[in-house]
Amino acid sequence: MQKSVLIIDSDQQAINNLKELLTEFDFLKVIDQCATAIEAIDKINTLKPDIVYLDTQLNNSSGFDVIDNITLSEKPVFIFTSSSNKDALKAFDYAAFDYLLKPLNKARFF
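Below you can see the structure in the form of structure tokens.
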């Protein structure tokens, strides 16, 4: 059974890199992507993905703001991405499944 994935990042190159890495996993299917908190909140509440890769820093907002505004009673699994480890502890306060440092690489996934 495939798991649906939503990627939220304001950096298109980071989205492209993550999508390429995720193609290695037949059980994961990227269903959409977005770059802003407003889009992210709408897509999470509408699409109800199983897994969300969420950057900690978005344009004019943060990944934490996104989670604070999700209305679903059953939240997806969140995997945070960031170019810094400064928000790692905060991410786990938000029940993160994982925290990945950019640039993402294949070795971290296997």
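In this text, residue positions in the sequence shown follow the UniProt record's numbering: the first is 1, and each later residue adds one.
Glycine included, each C-beta is placed from N, C-alpha and C at the ideal position.
Everything numeric in this text was worked out from a predicted model, so none of it was measured.
Judged by DSSP in its simplified three-state form, Q12 adopts helix.
For L104, there is no enclosing alpha helix (DSSP H), as DSSP marks it with neither H nor E.
In this structure, the alpha-carbon of F78 lies about 5 Å from that of V52. The three-state reading of DSSP puts I70 in coil, since its state is none of H, G, I, E or B. The Cβ neighbour count for A107, taken over all protein chains shown within 10 Å, is under 16; the residue is labelled exposed. Note that the C-beta distance between F97 and A88 is not below 9 Å. If one requires a minimum length of 4 residues, the alpha helix (DSSP H) runs lying completely within the segment 21-55 are 37-47, in chain order. Residue nearest to D68 within the set M1, L22 and I44 is I44 (criterion: CA-CA distance). Cα atoms of K19 and F25: separation of roughly 10 Å, rounded to the nearest angstrom. If you ignore the 5 residues before and after V66, its C-beta comes within less than 8 Å of the C-beta of I8, A37, A40, I41, I44, L54 and L58, all in its own chain and listed in chain order.
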